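Chains as they are written, first to last, in full-length UniProt numbering: chain A, 1 to 151; chain B, 1 to 151; chain C, 1 to 151; chain D, 1 to 151.
4 protein chains.
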Amino acid sequence: MSNTLTHTYLLRVEFGDCDPAQIVWFPNFFRWVDAASRHFFVQCGLPSWKETERERGILGTPLVDTQAKFLRPASYGDALAIDSSVTEWRRKSFVMTHRIRRGETLLVEITEVRVFARRKGDGSDPHAIEAVPVPADWRQLCAAAEAVCVR
Amino acid sequence: MSNTLTHTYLLRVEFGDCDPAQIVWFPNFFRWVDAASRHFFVQCGLPSWKETERERGILGTPLVDTQAKFLRPASYGDALAIDSSVTEWRRKSFVMTHRIRRGETLLVEITEVRVFARRKGDGSDPHAIEAVPVPADWRQLCAAAEAVCVR
Amino acid sequence: MSNTLTHTYLLRVEFGDCDPAQIVWFPNFFRWVDAASRHFFVQCGLPSWKETERERGILGTPLVDTQAKFLRPASYGDALAIDSSVTEWRRKSFVMTHRIRRGETLLVEITEVRVFARRKGDGSDPHAIEAVPVPADWRQLCAAAEAVCVR
Amino acid sequence: MSNTLTHTYLLRVEFGDCDPAQIVWFPNFFRWVDAASRHFFVQCGLPSWKETERERGILGTPLVDTQAKFLRPASYGDALAIDSSVTEWRRKSFVMTHRIRRGETLLVEITEVRVFARRKGDGSDPHAIEAVPVPADWRQLCAAAEAVCVR
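Listed below in structure tokens is the structure:
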């Protein structure tokens, strides 16, 4: 997809990110892609979730579904890059793909379905949240950022 | 599957497990199923990975592939249970299914493909690991534990 | 101190809590004492921070100062207990002591100064928080719970 | 101390580093100073702990004692810097000081006593570790790196 905006998130694997087998303990990969996902939207120009919660009640992009393939391990001292992009926009959700690599070597591939969410209205369960339609202006912001990438 | 051994792992959600949206930050679900997965094998009678690394070079059950569905959020104060079972044994891998629930309410469902792994022989990459065939005696230990569950 | 209420928090050390040296990675001890600290107040009868934030603007007991001594390592498979008590009440803060042990063997001792905090009024910095005087009714709840322990 | 080598570790606070009070959950500060501590020695020219374990049996610099002052909270989106230096060398331990700041604003100050450690010889407890005298050649490497900083 020539016109897909990709944000690259850089990170260093630290000693404490690794387990007794001396390799990255896999929940940390999800920690990093969660950060990479937020940075994608920051790069598109979306405000912080603090601001969006105050202004629109939208508290973030909770994960609905994820699939991950762990191809090769990483260890501390490694410099990793995560290439993130939205590979599909749906009405009330979107698909993000994250490719975690060390140089050119692909280590982990993670696909996520996320939604923009707000608290559920009736208040019977204070933690219930619900998806809202993808805000049109945000979709446009992302499209504009993607347009820059068209060649 | 009437003869599938299920191990139930209990946990409390803590304040620090939650994010600014006040719900469990999803990488923590993976942290918990990783523990639940190990406890499954402890229950079957397998030794600790420390012992197996010393005796057979097997350093654990790294994850190859995972799929997760996040149905409902949890928050701190919640008491959760994870029901874990091996739903398929293959020659060099196995499938684990984890159902995370609050009482009878299913919150998250995670399927994992894991392997028993050891360090890769040639040493060119000290962190390269490779799958070994599922050890027959361990498969038997699990089968014996499962047999107890047949009704 | 014969009349000091002690709450004991039990935990299992998991594989993922350990680092490449195969021992508990020390930030996890702070994770656990943070949970132990909250459970202490739950045991005294204080509501959850969600409720106190809604009703009094008090969002928790942030840490002001801590000291920790690491005497012996722990590893996965270990069952640990944390004995927590408030060893000093001050006007706007209190001192908690946590003793982390494996059976009778003391592993880690952590002293904390914490405050009850709310958001700072003027809003110039949305994350600025400030200590409030220890609420008299909560101090009483804790005293009542402590009284039960007098012999 | 004009001739003290200071290593500055840069980091971004992520959404998942924050708790329901929307501020950094404090164990994460310890996570970051642990990384900063290792980077200090990397900068001095010390090999990775993997290499030192293989060659000298030294598996890292476990923490013996720490003191932390939390002056101001941080939140996600913040760019933080940690200035780390060894403020005292002893025969079998050393003192590190970490100053975590946002721009010029000091947020957290952490002092650590650490040792270089190896597994304890008799093997009765496989996780027992013991301090070794600070290796003279490493002390020299750090001194050389510090000398560069003299003005």
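Even for Gly, the Cβ is constructed at its ideal location relative to N, Cα and C.
These numbers were taken from a predicted model, which means no experiment stands behind them.
Would you mind giving the Cβ-Cβ distance between T87 (chain D) and T6 (chain D), rounded to the nearest angstrom? I have them listed as a contact below 8 Å.
-> Indexing the fourth sequence from 1 puts residue 87 (chain D) at position 87. Indexing the fourth sequence from 1 puts residue 6 (chain D) at position 6. About 10 Å separates the two Cβ atoms, so there is no contact after all.
Cβ neighbours of V148 (chain C) in the same chain (closer than 8 Å, five flanking residues each side left out) = Within the third sequence, residue 148 (chain C) is the residue found at index 148, counting from 1. Cβ within range, chain order: L5.
Mind listing which residues of the region 37 to 62 of chain A have their C-beta closer than 8 Å to chain C's C-betas, in chain order?
-> K50
Identify the contact partners of R31 (chain C) in chain B, using a Cβ-Cβ distance below 7 Å as the criterion.
-> On the third sequence, position 31 is the one that residue 31 (chain C) refers to. For R31 (chain C), the chain B residues whose Cβ falls inside 7 Å of its Cβ are G16, in order along the chain.
Counted within 10 angstroms of its Cβ, other Cβ atoms place Q22 (chain A) as buried (16 or more) or exposed | Within the first sequence, residue 22 (chain A) is the residue found at index 22, counting from 1. By the neighbour-count rule (16 or more Cβ atoms within 10 Å), Q22 (chain A) is buried.
Would you decide whether residue 209 (chain B) is buried or exposed? Buried here means 16 or more other CB atoms lie within 10 Å of its CB.
-> Since the first residue of chain B shown is 1 and the last is 151, residue 209 (chain B) is not available in this structure.
Simplified DSSP assignment, three categories, for Q22 (chain A) = Position 22 of the first sequence holds residue 22 (chain A). Three-state DSSP puts Q22 (chain A) in coil, outside helix and strand.
Burial state of K50 (chain C) (16 or more Cβ within 10 Å) | Position 50 of the third sequence, counted from the start, is the residue given in the question as residue 50 (chain C). Label assigned to K50 (chain C): buried.
Roughly how many angstroms lie between the CA atoms of R72 (chain D) and R38 (chain D), to the nearest whole one?
-> Here residue 72 (chain D) refers to the residue found at position 72 of the fourth sequence. Here residue 38 (chain D) refers to the residue found at position 38 of the fourth sequence. R72 (chain D) and R38 (chain D): Cα-Cα distance of roughly 25 Å.
What distance in whole Å lies between the Cβ atoms of D34 (chain A) and F40 (chain D), which are believed to be in contact at a cut-off of 8 Å?
-> Indexing the fourth sequence from 1 puts residue 40 (chain D) at position 40. Indexing the first sequence from 1 puts residue 34 (chain A) at position 34. Wrong, their Cβ atoms sit about 28 Å apart, outside the cutoff.
Is the shortest distance between the beta-carbon of R151 (chain D) and the beta-carbons of chain A less than 8 Å?
-> Working through the fourth sequence from its first residue, we reach residue 151 (chain D) at position 151. Confidence is the limiting factor: at R151 (chain D) the pLDDT is only 43, short of 50, which leaves the residue's position unreliable and the question unanswerable from this model.
Going along the chain, which residues of the region 123 to 136 of chain D sit with their C-beta nearer than 7 Å to a C-beta in chain C?
-> H127 and I129
Under 8 Å between C-beta atoms, does P73 (chain D) make it to chain B?
-> Taking the first residue of the fourth sequence as position 1, residue 73 (chain D) is located at position 73. Judged by the 8 Å Cβ criterion, P73 (chain D) is not in contact with chain B.
Close-in-space but distant-in-sequence residues of the same chain around N28 (chain C) (CB under 7 Å, 5 per side omitted) = For the purposes of this step, residue 28 (chain C) is taken as the residue at position 28 of the third sequence. Taken in chain order, the residues that qualify are D17.
Roughly how many angstroms separate the alpha carbons of C142 (chain C) and T8 (chain D), rounded to a whole number?
-> What you label residue 142 (chain C) is simply residue 142 of the third sequence in a count that begins at 1. What you label residue 8 (chain D) is simply residue 8 of the fourth sequence in a count that begins at 1. Spanning the two alpha carbons is a distance of roughly 43 Å.
Chain-ordered neighbours of K92 (chain B) on chain A, where CB pairs are closer than 7 Å | Along the second sequence, one-based indexing puts residue 92 (chain B) at 92. Going along chain A, no residue has its Cβ under 7 Å from K92 (chain B), so there is no contact; the nearest lies around 15 Å.
Sequence-distant residues of its chain with Cβ nearer than 6 Å to G60 (chain D) (five each side left out) | Mapped onto the fourth sequence, residue 60 (chain D) falls at position 60. Counting only Cβ-Cβ distances below 6 Å, and skipping sequence neighbours, we find W49.
Mind checking who A128 (chain A) pairs with in its DSSP beta bridge?
-> Residue numbering aside, residue 128 (chain A) sits at position 128 when the first sequence is read from its first letter. Looking at the DSSP assignment, A128 (chain A) forms no beta bridge with any residue, so it has no partner.
Three-pair Cβ contact test at 8 Å for the region 65 to 79 of chain B versus the region 62 to 80 of chain A = Judged by Cβ distances under 8 Å, the region 65 to 79 of chain B makes contact with the region 62 to 80 of chain A, as three or more pairs qualify.
Do you know offhand how far Q140 (chain D)'s Cα is from D83 (chain A)'s?
-> By 1-based counting over the fourth sequence, the position of residue 140 (chain D) is 140. By 1-based counting over the first sequence, the position of residue 83 (chain A) is 83. Q140 (chain D) and D83 (chain A): Cα-Cα distance of roughly 41 Å.
Using a Cβ-Cβ distance under 8 Å, would D34 (chain D) count as near chain A?
-> As a working note, residue 34 (chain D) is residue 34 in the fourth sequence. Yes, because at least one Cβ of chain A sits closer than 8 Å to the Cβ of D34 (chain D).
C-alpha distance - W25 (chain B) paired with D19 (chain B), whole-angstrom precision | Numbered from 1 along the second sequence, position 25 holds the residue referred to as residue 25 (chain B). Numbered from 1 along the second sequence, position 19 holds the residue referred to as residue 19 (chain B). Using only the alpha carbons, I get a separation of about 5 Å.
Thinking just about the alpha-carbon of each residue, which of A:I58, A:H98 and A:R99 is nearest to the one in R119 (chain A)?
-> Numbered from its first residue, the first sequence carries residue 119 (chain A) at position 119. The shortest Cα separation from R119 (chain A) among A:I58, A:H98 and A:R99 belongs to A:I58.
For P135 (chain B) and T52 (chain B), the rounded distance between their alpha carbons | What you label residue 52 (chain B) is simply residue 52 of the second sequence in a count that begins at 1. What you label residue 135 (chain B) is simply residue 135 of the second sequence in a count that begins at 1. The straight-line gap from Cα to Cα measures roughly 11 Å.
Sort B:S85, B:Y76, B:A79 and B:E109 by Cα distance to N30 (chain B) and report the nearest one.
-> Taking the first residue of the second sequence as position 1, residue 30 (chain B) is located at position 30. For the record, residue 30 (chain B) in the displayed sequence is Phe; it is not Asn. Measuring from the Cα of F30 (chain B), the nearest candidate turns out to be B:E109.
Are R102 (chain A) and D78 (chain A) touching if we call contact CB-CB under 8 Å?
-> What you label residue 102 (chain A) is simply residue 102 of the first sequence in a count that begins at 1. What you label residue 78 (chain A) is simply residue 78 of the first sequence in a count that begins at 1. Yes. Within cutoff.
Could you tell me whether any Cβ in chain B is nearer than 8 Å to the Cβ of E146 (chain C)?
-> Looking up residue 146 (chain C) in the third sequence gives position 146. Cβ-Cβ to chain B under 8 Å: no for E146 (chain C).
What are the boundary residues of the beta strand (DSSP E) that S84 (chain B) is part of?
-> Here residue 84 (chain B) refers to the residue found at position 84 of the second sequence. In the DSSP assignment, S84 (chain B) falls within the beta strand (DSSP E) that extends over A79 to W89.
Rank D:A81, D:Y76, D:L107 and D:R114 by C-alpha distance to the C-alpha of S93 (chain D) and give the top, closest one.
-> To locate residue 93 (chain D), count along the fourth sequence from 1; it is residue 93. Checked all of D:A81, D:Y76, D:L107 and D:R114; the closest Cα to S93 (chain D) is D:R114.
Quick one: does A21 (chain C) have its CB under 8 Å from some CB of chain D?
-> Here residue 21 (chain C) is taken as the residue at index 21 of the third sequence, counted from 1. Taking Cβ atoms only, chain D reaches closer than 8 Å to A21 (chain C), which makes this a yes.
Taking the Cβ atom as the reference point for each residue, do A145 (chain A) and Q43 (chain A) lie within a distance shorter than 8 Å?
-> Numbered from its first residue, the first sequence carries residue 145 (chain A) at position 145. Numbered from its first residue, the first sequence carries residue 43 (chain A) at position 43. Yes; because the gap between Cβ atoms is below 8 Å, this pair is in contact.
Does Q67 (chain B) come within less than 8 Å of chain A when only Cβ atoms are used?
-> Here residue 67 (chain B) corresponds to residue number 67 of the second sequence, with the count starting at 1. Closer than 8 Å to some Cβ of chain A, the Cβ of Q67 (chain B) qualifies, so yes.
Beta-carbon contacts of T111 (chain C) that lie in its chain and below 6 Å, excluding the five residues immediately before and after = The residue given as residue 111 (chain C) occupies position 111 in the third sequence. Excluding positions up to five away in sequence, the list reads Q67 and T97.
By DSSP, does V148 (chain C) sit in helix, in strand, or in coil?
-> Position 148 of the third sequence, counted from the start, is the residue given in the question as residue 148 (chain C). DSSP places V148 (chain C) in coil when its eight states are reduced to three.
List, in order along the chain, the chain D residues whose C-beta lies closer than 7 Å to that of G77 (chain A)?
-> Indexing the first sequence from 1 puts residue 77 (chain A) at position 77. Chain D residues near G77 (chain A): S48.
Which residues in the same chain have their Cβ closer than 7 Å to the Cβ of H127 (chain B), if we skip the five residues on either side of it in sequence?
-> The residue you call residue 127 (chain B) lines up with position 127 of the second sequence. Closer than 7 Å at Cβ, skipping near neighbours: no residue.
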